[in-house]
Amino acid sequence: MFRLISIYCCFVFFVSSCQKGKISEYSEYLNHNDTVKYVGKEQCRLCHAEIYDSYVQTGMGRSFNHAIKQHSALYHSNMDVIKDTLNNLSYKPFWKNDSLYILEFRIDGVDTVHKFTQKIHYKIGSGNHTNSHIYSHNDFLYQVPYTFYTQDSVSDLPPGFENGLNSRFTRQIGLECMSCHNAHSDHDYSSLNKYSSVPDGIDCERCHGPGELHVQQKLAGVIVDTSKYIDYSIVNPSKLSQDLQFDVCQRCHLQGTSVLKGSYSYEDFKPGMHLEEVMDVYLPRYKNNDKFLMASHVERLKQSSCFKNDDLSCTTCHNPHKSVKKLSSEYFDNKCMSCHIQCNDNHVNECSSCHMPKSNSVDIMHVSITDHKISIPHNNFSNDEDIFLGLKSINNDNPTNLSIAKAYLKHFESFDDNHLLLDSAIYYLNNAKYDFVSKIKYYYLVKDDKSLIDFVFSNEIDSSNYSKSDLAMTYAKIGEVFSRNNLNQKSEQYFLLSMKLMPNVIEYELKYATSLIKHKKLDKALNILEISLSKNKTYKQIYLNIGYIFLLKKEYVKAEIYLNKAISLDPDYIKAYENLLLLNQLTNNLDQVSLYSNIISKIVKKN
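The structure is reproduced here in structure tokens:
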């Protein structure tokens with residue numbers, strides 16, 4: 000706190016003498032200091048009740064909340080059953096009192112052969128476009144395979160679950176997702192998706208920064224006349240330069256492949272900072288393709304003549320404290336007519352209908368969004384084949400070769416498994432500053448075990464250069480490759496390092512336990528898996544491996560219980576069926592052998 004007071008004292012003279020708008024004279028907002036805490040929007044309401052009451056009705060204010068009838072768009076829908084035809088799984092939402100549930104089921108002929116019910120704890124999405132759904136298990140958050148698309152009033156699989164990619168109830172809600180769909184959350188940094196508390200929507204501090212110091216100063220009677228001066232205890236985006244204003248918005252309204260700088264996390268950006276200090280955001284560029292992602296508003300706006308020829312920003316047209324749904328088209332027409340006095344078209348109402356038409360985004364089905372590339376309408380559509388030109392950093396004109404390499408690696412992992420992306424990655428890696436973590440990721444993705452092993456033995460890692468999560472992921476990858484190549488002692492060392500750094504990442508414990516089973520250390524593996532199970536009971540792999548251990552120990556009754564539990568979590572879990580087949584062969588249960596053989600054949604045929 001002494002450091003905070005010192006910084007404040009340094010600014011006292013400046014605040015009292017600075018004139019409004021002289022934004023180039025300050026060095027840093029006081030609430031950028033890492034000692035200043037987030038306090039939540041209810042603290043803001045005490046002094047700014049009118050703004051608060053208006054803001055909570057906006058899309059951002061309604062972005063995240065408990066999945067109860069009051070907040071759910073599903074409550075006023077038909078609650079339709081949806082079907083994943085490729086996986087032969089259906090999903091039905093239903094209410095129990097004020098709680099929402101999703102039933103997953105499979106019908107074979109006239110029989111229901113699989114049922115799994117999950118209570119839903121949160122809805123994500125304002126309802127302007129969608130409501131998707133999240134459940135919590137021991138504070139670990141996951142998305143479920145059911146989304147209500149409000150514009151078309153249709154239910155379907157969520158984005159990324161379609162086309163055979165249904166991850167069912169296992170998609171983790173990581174910090175990259177949470178940091179744009181909600182206020183500052185209490186994320187457990189020893190995990191990927193665990194939160195000790197979750198707020199109810201994007202709040203004031205996402206755009207104004209942490210509020211603790213501001214609240215303290217106002218309660219202490221430190222008042223700044225903001226009609227004349229800038230109050231540096233809190234960020235007012237309207238007092239920022241145009242570039243910094245855009246960075247506040249494009250932190251989340253610029254969707255793409257994001258690459259964090261150094262050891263930064265997704266919570267480290269604060270309004271008033273340059274976004275490129277924390278991350279570079281990349282989008283794929285194509286020849287003959289002008290399609291765009293849903294959250295690409297700033298990028299599209301910057302392609303407009305209105306932006307290039309005028310001092311235009313997001314707040315020129317948008318008041319972030321007021322809901323777009325409550326504003327008439329005349330409100331936005333007046334914004335246009337303030338510059339464009341006359342229109343050559345007879346239809347002068349709703350300028351945006353022609354110059355900012357709604358269209359489908361390339362990443363989310365059943366959603367139409369306003370294209371923020373303001374333009375004169377034309378119909379010059381090309382039928383030529385889209386040609387991928389590469390990834391381009393949108394918020395940083397001069398990214399490093401290392402940043403570009405990381406973008407190609409992440410884009411390959413997350414969006415597109417075209418191996419040409421890895422060719423680009425290694426080109427930039429070979430021309431970049433040495434980066435241990437990225438080299439390991441590259442060798443792992445191209446499945447070049449020998450090069451990875453040689454690289455580890457011939458290079459050292461400076462752990463101070465990387466985040467805990469990056470280090471843990473790297474150690475787990477090394478452990479997996481070393482285990483696969485029977486470097487058992489080294490493998491165990493790296494697995495233990497990854498688990499020490501991130502003890503609530505179940506995947507690292509599973510990798511370690513699998514390695515122990517492979518090397519016949521069954522009791523040690525069982526102990527690790529039981530610890531994992533005490534933390535999180537949603538992983539089918541935990542039950543599979545425990546079942547397999549009991550199978551090897553010839554404890555067949557216990558083995559069958561755990562293997563069946565794995566299947567209850569995934570009715571197509573072929574590894575569990577294969578172990579049940581083996582179990583029944585060992586116990587000479589021929590009827591069950593025939594049953595499981597047929598099930599395995601059906602799954603293989605379907606896949």
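Taking numbering that gives the first Met the number 0, the leading residue of the sequence shown gets 0, the next gets one more, and so forth.
Idealized CB from N, CA, C, for every residue including glycine.
{"Asked": "Please report the straight-line C-alpha distance between Leu274 and Ile393, rounded to a whole angstrom.", "Found": "11 Å"}
{"Asked": "Name the two residues that bound the continuous beta strand (DSSP E) containing His65.", "Found": "63 to 65"}
{"Asked": "How many whole angstroms separate the CB atoms of Asn30 and Val234, which I take to be in contact at a CB cut-off of 8 Å?", "Found": "7 Å"}
{"Asked": "For Gln540, collect the residues of the same chain with a Cβ closer than 6 Å to its Cβ; drop the 5 residues on either side in sequence, then sort them by chain order.", "Found": "Leu509"}
{"Asked": "By how many angstroms is the C-alpha of Lys534 removed from the C-alpha of Leu496?", "Found": "19 Å"}
{"Asked": "Is it a yes or a no for the segment 236 to 244 touching the segment 257 to 277, going by three-plus beta-carbon pairs under 8 Å?", "Found": "yes"}
{"Asked": "Give me, in chain order, the residues of the same chain whose beta-carbon lies closer than 7 Å to that of Val455; leave out the 5 immediate sequence neighbours on both sides.", "Found": "Ile477"}
{"Asked": "When the Cα atoms are used, what is the spatial distance from Cys46 to Tyr194?", "Found": "29 Å"}
{"Asked": "Is it buried or exposed for Asp590, if we count other Cβ within 10 angstroms and need 16 for buried?", "Found": "exposed"}
{"Asked": "Taking 8 Å as the cut-off, does the segment 101 to 111 touch the segment 316 to 329 (at least 3 CB pairs, one atom from each stretch)?", "Found": "no"}
{"Asked": "What does the alpha-carbon distance come out to for the pair Ser333 and Arg250?", "Found": "One point to set straight first is that residue 333 is Asn, not Ser, in the sequence displayed. Roughly 28 Å between the two C-alpha positions."}
{"Asked": "Would you list, in sequence order, the uninterrupted alpha helix (DSSP H) runs of no fewer than 4 residues that lie entirely inside the segment 179 to 263?", "Found": "204 to 207, 211 to 218, 241 to 249"}
{"Asked": "For Lys467 versus Tyr100, is the C-beta spacing smaller than 8 Å?", "Found": "no"}
{"Asked": "DSSP state of Leu486, grouped into three classes?", "Found": "coil"}
{"Asked": "Could you check what DSSP says for Glu24 in three-state terms: helix, strand or coil?", "Found": "The pLDDT assigned to Glu24 is 48, lower than 50, so where the model puts this residue is not dependable, and the model offers no usable value."}
{"Asked": "Between which two residues does the alpha helix (DSSP H) carrying Val592 extend?", "Found": "589 to 605"}
{"Asked": "To the nearest angstrom, report how far apart His183 and Pro198 are at their CA atoms.", "Found": "7 Å"}
{"Asked": "Considering Cα atoms alone, identify which of Phe411, Asn348, Ile340, Lys372 is closest to Met355.", "Found": "Lys372"}
{"Asked": "Using a threshold of 8 Å, state whether the C-beta atoms of Tyr542 and Ser531 are closer than that.", "Found": "no"}
{"Asked": "When DSSP builds the beta bridges, which residues end up paired with Arg170?", "Found": "Gln142"}
{"Asked": "Determine the direct distance from the alpha carbon of Ile452 to that of Glu479, and round the result to whole angstroms.", "Found": "11 Å"}
{"Asked": "So Arg44 and Tyr51 are in contact, right, with Cβ under 8 Å, and what is the actual spacing, rounded?", "Found": "4 Å"}
{"Asked": "Run through DSSP, which three-state label would Asp615 get?", "Found": "Only positions 0 to 606 of the chain appear in the structure, and residue 615 is not among them; the question remains open."}
{"Asked": "Output the boundary residues of the beta strand (DSSP E) element that contains Phe93.", "Found": "88 to 95"}
{"Asked": "Based on the DSSP output, what are the partners of Glu103 in its beta bridges?", "Found": "Tyr90, Phe115"}
{"Asked": "Could you pull out every residue in the same chain whose Cβ sits closer than 6 Å to the Cβ of Asn192, ignoring the five residues on either side in sequence?", "Found": "Phe139, Leu140, Gln171, Ile172, Gly173"}
{"Asked": "Just to confirm my understanding: we take Ile599, look at its own chain, exclude 5 residues before and 5 after, and list those with CB closer than 7 Å. What are they?", "Found": "Ile573, Tyr576, Glu577, Leu580"}
{"Asked": "Could you check which residue in His320, Asn597, Ser53 has the C-alpha nearest to that of Ser237?", "Found": "His320"}
{"Asked": "By a C-beta neighbour count over all protein chains shown, 10 Å radius and 16 as the cutoff for buried, is Tyr90 buried or exposed?", "Found": "buried"}
{"Asked": "Whose C-beta lies closer than 7 Å to the C-beta of Cys316 among residues of the same chain, with five residues either side of it excluded?", "Found": "Phe331, Lys334"}
{"Asked": "Confirm, please, whether the CB-CB distance from Ala558 to Tyr507 is below 8 Å.", "Found": "no"}
{"Asked": "Rounded to a whole number of angstroms, what is the C-alpha to C-alpha distance between Phe12 and Tyr228?", "Found": "For Phe12, the predicted structure reports a pLDDT of 35, less than 50, and the residue's modelled location is therefore unreliable. A value from the coordinates is still provided. Taking the straight line joining both Cα atoms gives about 12 Å."}
{"Asked": "Are any of the Cβ atoms in chain D nearer than 8 Å to that of Lys510?", "Found": "In the displayed structure, chain D is absent; only one protein chain is listed."}
{"Asked": "Please report the Cβ distance between Asp571 and Ile602, rounded to the nearest whole angstrom; I am assuming they are in contact, meaning their Cβ atoms lie under 8 Å.", "Found": "5 Å"}
{"Asked": "From Val592 to Gln584, what distance separates their C-alpha atoms?", "Found": "6 Å"}
{"Asked": "How long is the line joining the alpha carbons of Leu568 and Asn165, rounded to whole angstroms?", "Found": "14 Å"}
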